[in-house]
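Asks:
Chains as they are written, first to last, in the working numbering: chain Y, 3 to 258; chain F, 19 to 345.
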């Protein structure tokens, strides 16, 4: 996926993204990091066709994403948004079936493939036992996994996650990250996500995109790009960058 | 699941019972046996009178109730707003106003009343949508705009009424509804368009369900949200306008019944739409029947009785359940 010269502003005309150029490597995990308001989620919105850029284009398989028919695009890109809502009495399984929408017509019945994919998505996310529970009765971590399961049932080569670990306890954060890793390694999905925790980004990503004020500052393998100076520049925080045999590379904030 | 089945069975049973009771009771009182015999043989004079005077009224009450309730259900789905209702957001008063204007100035076009109603209802709906859209629909803003649009159309209609006396208004009542003096011609119109509207409403149940998710989620699933909204809205406006054209303005039924339905049969529109149709028909018919029999020969407008019964029942249900749609 190629992101070319993207400039984007909402109705207020303030530019949220300036001239963004990126290449998303397929079959890898790419994480976008940066301070609040730097345009991470806006960028994710542009590459998932939710935000229409004023300038530039996003090319997927040789074609601009806004040239795709809506269902055709939905068979390529799955997206899990940061905030989601569903009717309170909807069951997990019903929700996950929504992921099959792009593969069907309005009146077509469930196919074997639908069932197979939904079952797979439920099992991947560890929700198979909970499939008949109502969404409202799940914990925050389980709800997040239910939305990921919906995107998995969509059966897309690309999966986009907007801050999938926010508001979750440490355990559930890692549960989601392990799931992401497994999806990439075992099922070959290309994953692009937004994370707040730099250490998690370092640990789980093949590539990191660092953003500030709507611009891409640095992009590449975490080991090559994460430095004391970069973090100081982007976040204004003093850190030490450490290397450990067990933990790999990590950063420790020590002050501002 | 049992609760859903029982709710359906009870409501359908009550609907039959009230329909029969309503036919047999009134200024001419006959037994159910006489009624049924008369309907089939056509020899009982009283039954013939009932057929001419009471039956049209009953059929209109049934269809108006079903149409307004389902319209409320659809509007709530489209606007994702638990307070959306054809009466509150001005669709009904818009429908009434345009009909009055047209009939006042072009009395010969009386038979096009349903069409004018539809245009008026659509106009009000477009106004509400247009004025409340600010990069998304804010539920509170939308209801306030709706209340304002409703106030303007209601006021204009009252102005028209007071300017040219009431004789022209025989077909349409603006601020409350009466179901007296209905003919088989009225029945034909509401049955035809009402049935079409109800069938269409049921066909879009899946879209209504989809709209329970956020727009951006649906968009990423390749679902064309705006097209679905547009189609559902047209059906909702059709149902509300046809009911208003024939039966007058019943505020509140489109709010009450869907909420009662949600607590009894859940949020899945495949059940909610048919349930609301049946329950709405039951509510209006019950209200109208009580209205004309309680202190006869004085008639209490059905809309008043409906508001009293329905309101009390809704409070009862909401107190019992911990879930309110949209919360």
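For every residue, glycine included, the Cβ atom is placed at its ideal position computed from N, Cα and C.
Using a Cβ cut-off of 7 Å (strictly closer), state whether residue 187 of chain F contacts chain Y.
Replies: Within the second chain, the letter at position 169 stands for residue 187 of chain F. In this prediction, residue 187 of chain F has a pLDDT of 47, which is less than 50 and means its spatial position is unreliable; nothing more can be read from the coordinates.
Asks: Over the uninterrupted beta strand (DSSP E) stretch that includes residue 2 of chain Y, give me the two end residues.
Replies: Outside the modelled stretch of chain Y, which goes from 3 to 258, sits residue 2 of chain Y, for which no answer is possible.
Asks: By the three-class DSSP mapping on this structure, what secondary structure does residue 178 of chain Y have?
Replies: Residue numbering aside, residue 178 of chain Y sits at position 176 when the first chain is read from its first letter. In this structure, residue 178 of chain Y counts as helix in the three-state DSSP scheme.
Asks: For residue 138 of chain Y, which three-state DSSP category applies?
Replies: Taking the first residue of the first chain as position 1, residue 138 of chain Y is located at position 136. Reduced to three states, the DSSP call for residue 138 of chain Y is helix.
Asks: Name, please, each residue of chain F whose Cβ falls closer than 8 Å to the Cβ of residue 88 of chain Y.
Replies: In the first chain, the residue the question calls residue 88 of chain Y occupies position 86. Per Cβ cutoff of 8 Å: 230, 231.
Asks: Just reading off the alpha helix (DSSP H) that residue 114 of chain Y is part of, what are its end residues?
Replies: Sequence index remark: in the first chain, residue 114 of chain Y carries index 112 (1-based). Looking at the DSSP string, the run of the alpha helix (DSSP H) that includes residue 114 of chain Y is 114-126.
Asks: Using a Cβ cut-off of 7 Å (strictly closer), state whether residue 83 of chain Y contacts chain F.
Replies: Against the first chain, residue 83 of chain Y aligns to sequence position 81. Closer than 7 Å: yes.
Asks: Using beta-carbon positions only, say whether residue 57 of chain Y and residue 7 of chain Y come within less than 7 Å of one another.
Replies: Against the first chain, residue 57 of chain Y aligns to sequence position 55. Against the first chain, residue 7 of chain Y aligns to sequence position 5. Closer than 7 Å, so yes.
Asks: Would you call the CB atoms of residue 75 of chain Y and residue 44 of chain Y closer than 7 Å?
Replies: Counting from 1 along the first chain, the entry for residue 75 of chain Y is found at position 73. Counting from 1 along the first chain, the entry for residue 44 of chain Y is found at position 42. No, the Cβ-Cβ distance between residue 75 of chain Y and residue 44 of chain Y is not below 7 Å.
Asks: Apart from the five residues on each side of it in sequence, which residues of its chain come closer than 6 Å, Cβ to Cβ, to residue 143 of chain Y?
Replies: Against the first chain, residue 143 of chain Y aligns to sequence position 141. Excluding positions up to five away in sequence, the list reads 170, 174.
Asks: Under 7 Å, Cβ to Cβ, is there at least one residue of chain F near residue 43 of chain Y?
Replies: Here residue 43 of chain Y refers to the residue found at position 41 of the first chain. Closer than 7 Å: no.
Asks: Among all the DSSP beta bridges, which residues are the ones paired with residue 59 of chain Y?
Replies: Residue 59 of chain Y sits at position 57 when you count from the first residue of the first chain. In DSSP, residue 59 of chain Y forms a bridge with Y:6.
Asks: Strictly by DSSP, which residues pair up with residue 22 of chain Y?
Replies: For the purposes of this step, residue 22 of chain Y is identified with residue 20 of the first chain, where counting begins at 1. Residue 22 of chain Y pairs with Y:8.
Asks: With burial defined as no fewer than 16 other Cβ atoms inside 10 Å of the residue's Cβ, what is the status of residue 107 of chain Y: buried or exposed?
Replies: Looking up residue 107 of chain Y in the first chain gives position 105. Classification of residue 107 of chain Y: exposed, given that the 10 Å Cβ count is below 16.
Asks: Buried or exposed: residue 206 of chain F, going by 16 or more other Cβ atoms within 10 Å of its Cβ?
Replies: Numbered from 1 along the second chain, position 188 holds the residue referred to as residue 206 of chain F. Exposed.
Asks: I'd like to know whether the C-beta of residue 52 of chain Y is nearer than 7 Å to at least one C-beta of chain F.
Replies: Mapped onto the first chain, residue 52 of chain Y falls at position 50. Chain F, which has a Cβ nearer than 7 Å to the Cβ of residue 52 of chain Y, makes this yes.
Asks: Taking all protein chains shown into account, do 16 or more other C-beta atoms lie within 10 angstroms of the C-beta of residue 329 of chain F, making it buried, or fewer, making it exposed?
Replies: As a position in the second chain, residue 329 of chain F is number 311, starting the count at 1. The residue is exposed, with fewer than 16 neighbouring Cβ atoms inside 10 Å.
Asks: Between residue 192 of chain F and chain Y, is the shortest Cβ-Cβ distance under 7 Å, so that the two count as touching?
Replies: The residue you call residue 192 of chain F lines up with position 174 of the second chain. Its pLDDT being 46, under 50, residue 192 of chain F is placed unreliably by the model, and the measurement read from it follows with that caveat. So, not an interface residue.
Asks: Rounded to the nearest angstrom, what separates residue 113 of chain F and residue 308 of chain F at their Cα positions?
Replies: Residue numbering aside, residue 113 of chain F sits at position 95 when the second chain is read from its first letter. Residue numbering aside, residue 308 of chain F sits at position 290 when the second chain is read from its first letter. Whole-angstrom Cα-Cα distance: 27 Å.
Asks: Note down, in chain order, every chain F residue with its Cβ under 9 Å from the Cβ of residue 76 of chain Y.
Replies: If you number the first chain from 1, residue 76 of chain Y lands on position 74. Within 9 Å Cβ-Cβ: 237, 238, 239, 240, 241.
Asks: Would you kindly work out how many angstroms separate the C-alpha atoms of residue 160 of chain Y and residue 182 of chain Y, rounded to a whole number?
Replies: Residue 160 of chain Y sits at position 158 when you count from the first residue of the first chain. Residue 182 of chain Y sits at position 180 when you count from the first residue of the first chain. Answer to the nearest angstrom: the Cα atoms are 12 Å apart.
Asks: Quick check: what's the CA-CA separation for residue 383 of chain F versus residue 303 of chain F?
Replies: Summary: the structure shown does not reach residue 383 of chain F, with chain F confined to residues 19 through 345, and so no result is reported for it.
Asks: The stretch 145-156 of chain Y: which residues have C-beta closer than 9 Å to a C-beta of chain F, in chain order?
Replies: Listed in sequence order: 149, 152, 153, 156.
Asks: Give a yes or no on whether 7 Å exceeds the smallest Cβ distance from residue 129 of chain Y to chain F.
Replies: For this step, residue 129 of chain Y is matched to residue 127 along the first chain. No, residue 129 of chain Y does not count as interfacial toward chain F.
Asks: Evaluate residue 151 of chain F with the Cβ neighbour count: other Cβ atoms within 10 Å of its Cβ, from every protein chain shown; 16 or more gives buried, anything less gives exposed.
Replies: Residue 151 of chain F sits at position 133 when you count from the first residue of the second chain. Result: exposed.
Asks: Going by beta carbon distance, what residues of the same chain come within less than 7 Å of residue 50 of chain Y, once the five residues before and after it are set aside?
Replies: Working through the first chain from its first residue, we reach residue 50 of chain Y at position 48. Excluding sequence neighbours, residue 50 of chain Y sits near 79, 81, 162.
Asks: DSSP state of residue 188 of chain F, grouped into three classes?
Replies: Indexing the second chain from 1 puts residue 188 of chain F at position 170. Legend: pLDDT at residue 188 of chain F = 43, less than 50; position of this residue unreliable, value from coordinates given subsequently. Reduced to three states, the DSSP call for residue 188 of chain F is coil.
Asks: Could you check the C-alpha separation between residue 245 of chain F and residue 251 of chain F for me, to the nearest Å?
Replies: Locating residue 245 of chain F in the second chain gives position 227, where the first residue counts as 1. Locating residue 251 of chain F in the second chain gives position 233, where the first residue counts as 1. Those two C-alpha atoms are separated by around 10 Å.
Asks: Can you list, in chain order, the residues of its chain whose CB lies under 7 Å from that of residue 207 of chain Y, leaving out five sequence neighbours each side?
Replies: Looking up residue 207 of chain Y in the first chain gives position 205. Only 31, 32, 33, 224 meet the Cβ criterion.
Asks: List the residues of chain F whose Cβ lies closer than 7 Å to the Cβ of residue 192 of chain Y, in chain order.
Replies: Position 190 of the first chain holds residue 192 of chain Y. Ordered by position in chain F, no residue passes the 7 Å Cβ test against residue 192 of chain Y, which lies about 16 Å from the chain.
Asks: Taking only the alpha-carbon atoms, compute the straight-line gap between residue 185 of chain F and residue 137 of chain F and give it to the nearest angstrom.
Replies: Against the second chain, residue 185 of chain F aligns to sequence position 167. Against the second chain, residue 137 of chain F aligns to sequence position 119. Only weak support is given to the placement of residue 185 of chain F: the predicted model assigns it a pLDDT of 48, under 50, and the question is left unresolved by the model.
Asks: Find out if the Cβ-Cβ distance for the pair residue 294 of chain F, residue 29 of chain F is shorter than 7 Å.
Replies: Residue mapping note: residue 294 of chain F aligns to position 276 of the second chain, counting from 1. Residue mapping note: residue 29 of chain F aligns to position 11 of the second chain, counting from 1. No, the pair does not count as a contact, with Cβ atoms beyond the cut-off.
Asks: Measure the C-alpha to C-alpha separation of residue 67 of chain Y and residue 61 of chain Y and round it to an integer number of angstroms.
Replies: Your numbering for residue 67 of chain Y matches position 65 in the first chain. Your numbering for residue 61 of chain Y matches position 59 in the first chain. Near 6 Å, if we compare the C-alpha coordinates of residue 61 of chain Y and residue 67 of chain Y.
Asks: Taking buried to mean at least 16 other C-beta atoms within 10 Å of its own C-beta, is residue 225 of chain F buried or exposed?
Replies: To locate residue 225 of chain F, count along the second chain from 1; it is residue 207. Looking at its Cβ environment, which holds 16 or more other Cβ atoms inside 10 Å, residue 225 of chain F is buried.
Asks: Just list the residues that DSSP pairs residue 29 of chain F with in beta bridges.
Replies: For this step, residue 29 of chain F is matched to residue 11 along the second chain. For residue 29 of chain F, which the question treats as bridged, DSSP gives no partner whatsoever.
Asks: Below 7 Å between beta carbons: does that hold for residue 196 of chain Y and residue 235 of chain Y?
Replies: Position 194 of the first chain, counting from 1, holds the residue named residue 196 of chain Y. Position 233 of the first chain, counting from 1, holds the residue named residue 235 of chain Y. Taking 7 Å as the Cβ cut-off, residue 196 of chain Y and residue 235 of chain Y do not qualify as a contacting pair.
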